[in-house]
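Below, the structure written as structure tokens:
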């Protein structure tokens, strides 16, 4: 769910104007902006003046100058400026957002009261609710018959996402004054012998506040797919036991916090939202994976087995801290995948993903990550949302890029220049720039007496100083032929190193 979809047309235009200027290094021409954003002159003039006035009013280190004489627009941005208050200004004025806040505060509502609250006719309210139902559908919840229908865990998660993404963190922190929530976090820290980050505590406080609000406003539904299967495997989990103890310790000071489900909801949140630091020793004591959920274990092992197979990892070289951290990260992301559905953003997630993939993706890694996602979808026995697939793919790519350095399957390239050491360095960087995102290589200045899969040099005079399987004599990369020929050589070695399929 993209929060931009909750805004009116002019608000979206004004945010897009600021995004456009940031993409164009903070300065552009009027004509360029009108054409790129597909605006009429009237819409442009109306909104450029209004967004400039809004930025001045917010006083957040962003200012806009519209020079009509020179047909230019300039955005000044301080280095310490965050856009979260800028986004929140528009979100807070949105009718759709105001309706969602009303539903959070009044889980059982009447159309009459809701229409009075947001100053709209009942007919308009029905139109907005129809639109909102399309937006929140990815969370498997709907607004029907005076309430929000769906699994209670999902409803709580939706509101958590709405506030965490939509509200500036300093504003959330300013509302943190719940003694029982603080007591819960303090007890958890003490038992785990850890100090949580401010962000982790803030996430926890927000989750507790949402659970309390839902309890206060209505009775919880005892039927939940998560709750029905939870006790089959999770009750002996060491983290669950600590969370449960912390919950009952807090409960003795706050009757409002009481619900038979809250200890479980707290555990599910903590075990999948990176609240507990990865270096907590206790999460590794119960078994190889820091979870007893068989589906999470299966997903974890799917990722590891696929990467091991493709990259022929040398187990003895893998650092123990690396293994422990990634046991934690994979368990967290797969817990989130199983326990929660849906996500909220204030930007186009597709654009972010495309930029990241274009900048950093090693192409075979991308193919492997997609394969793991497809097989993981079968394991979880439910279709994953496109936004979820994009997120998980990015995490798998990062994991693969981190672990591939322990592979025995990389192509080693030695580079030697007869000119000087500096030009050898330049050639190494050229090879890396051209090929690192397309082949699994390690490239360095060739060392005397060392052997390489491929030796790249601009002279044959020193060939006896190095060992090599293949040789490429370059014209100092002055022509495209050098690049295409070396690409063919790398492709040959990639096929040679590819593991045989069983």
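Residue numbers (UniProt numbering): 1 to 502.
By construction, the Cβ of each residue, glycine as well, lies at the ideal position given by its N, Cα and C atoms.
With DSSP as the reference, please indicate the residues paired to residue i in a beta bridge.
i: residue 442; result: 412
i: residue 144; result: 147
i: residue 29; result: 72
i: residue 456; result: 415 and 472
i: residue 451; result: 467
i: residue 407; result: 313
i: residue 195; result: DSSP, once it has assigned bridges, lists no residue as partnering residue 195.
i: residue 77; result: 62
i: residue 2; result: 345
Take the Cβ of residue i as the centre, count every other Cβ of all protein chains shown within 10 Å, and call the residue buried at 16 or more, exposed below.
i: residue 255; result: Because residue 255 carries a pLDDT of 49, less than 50, the predicted location of this residue cannot be relied on, and no value is offered for it.
i: residue 500; result: Here residue 500 scores only 40 on pLDDT, less than 50, and its place in the model is too uncertain to base an answer on.
i: residue 212; result: buried
i: residue 70; result: exposed
i: residue 152; result: buried
i: residue 87; result: buried
i: residue 392; result: buried
i: residue 492; result: exposed
i: residue 510; result: Absent from the model: residue 510. The displayed extent of the chain is 1 to 502, so no value can be given.
i: residue 449; result: exposed
i: residue 3; result: buried
i: residue 41; result: exposed
i: residue 52; result: buried
i: residue 396; result: buried
i: residue 288; result: exposed
i: residue 18; result: buried
i: residue 305; result: exposed
i: residue 80; result: exposed
i: residue 332; result: buried
i: residue 9; result: exposed
i: residue 519; result: An answer regarding residue 519 cannot be provided, because it is not within the stretch 1 to 502 covered by the chain.
i: residue 279; result: exposed
i: residue 237; result: buried
i: residue 247; result: buried
i: residue 322; result: exposed
Mind checking which residues open and close the alpha helix (DSSP H) that includes residue i?
i: residue 303; result: 294 to 311
i: residue 262; result: 262 to 270
i: residue 393; result: 386 to 403
i: residue 129; result: 122 to 136
i: residue 103; result: 95 to 105
i: residue 156; result: 152 to 166
i: residue 342; result: Where residue 342 is concerned, there is no enclosing alpha helix (DSSP H), given that its DSSP letter is neither H nor E.
i: residue 534; result: The question about residue 534 has no answer here: the residues shown for the chain are numbered 1 through 502.
i: residue 13; result: 9 to 23
i: residue 238; result: 238 to 251
i: residue 117; result: 111 to 118
i: residue 170; result: 169 to 174
Would residue i and residue j qualify as a contact pair, given that the criterion is a beta-carbon distance under 8 Å?
i: residue 240; j: residue 265; result: no
i: residue 494; j: residue 439; result: yes
i: residue 75; j: residue 26; result: yes
i: residue 147; j: residue 115; result: no
i: residue 508; j: residue 273; result: Nothing can be reported for residue 508: it is not among the residues displayed for the chain, which extend from 1 to 502.
i: residue 102; j: residue 6; result: no
i: residue 202; j: residue 172; result: yes
i: residue 181; j: residue 215; result: no
i: residue 95; j: residue 118; result: yes
i: residue 184; j: residue 250; result: yes
i: residue 295; j: residue 338; result: yes
i: residue 482; j: residue 469; result: no
i: residue 154; j: residue 344; result: no
i: residue 20; j: residue 30; result: no
i: residue 435; j: residue 452; result: no
i: residue 136; j: residue 158; result: yes
i: residue 400; j: residue 365; result: yes
i: residue 412; j: residue 442; result: yes
i: residue 194; j: residue 277; result: yes
i: residue 403; j: residue 424; result: no
For the beta strand (DSSP E) containing residue i, list its first residue and its last residue.
i: residue 504; result: There is no way to answer for residue 504, as the model of the chain reaches only from 1 to 502.
Please determine whether the Cβ atom of residue i lies at a distance below 7 Å from any heavy atom of the ligand GDP.
i: residue 12; result: The ligand GDP is absent from the structure shown, which contains no ligands of any kind.
Margin query: For the structure I just gave you, are there three or more beta carbon pairs, one from the stretch 383 to 400 and one from the stretch 420 to 432, closer than 8 Å?
Written below: no
Notebook entry, point to check: Is it a yes or a no for the stretch 317 to 335 touching the stretch 287 to 303, going by three-plus beta-carbon pairs under 8 Å?
Noted result: yes
Item checked: the stretch 305 to 324 contacting the stretch 334 to 350, beta-carbon criterion three pairs below 8 Å -> no
Note to self: Taking contact to mean 3 or more Cβ pairs, one atom from each stretch, closer than 8 Å, check whether the stretch 120 to 132 and the stretch 31 to 51 are in contact.
What the structure shows: no
Notebook entry, point to check: If we count Cβ pairs, one from each stretch, closer than 8 Å, do we get three or more for the stretch 400 to 418 versus the stretch 455 to 465?
Noted result: yes
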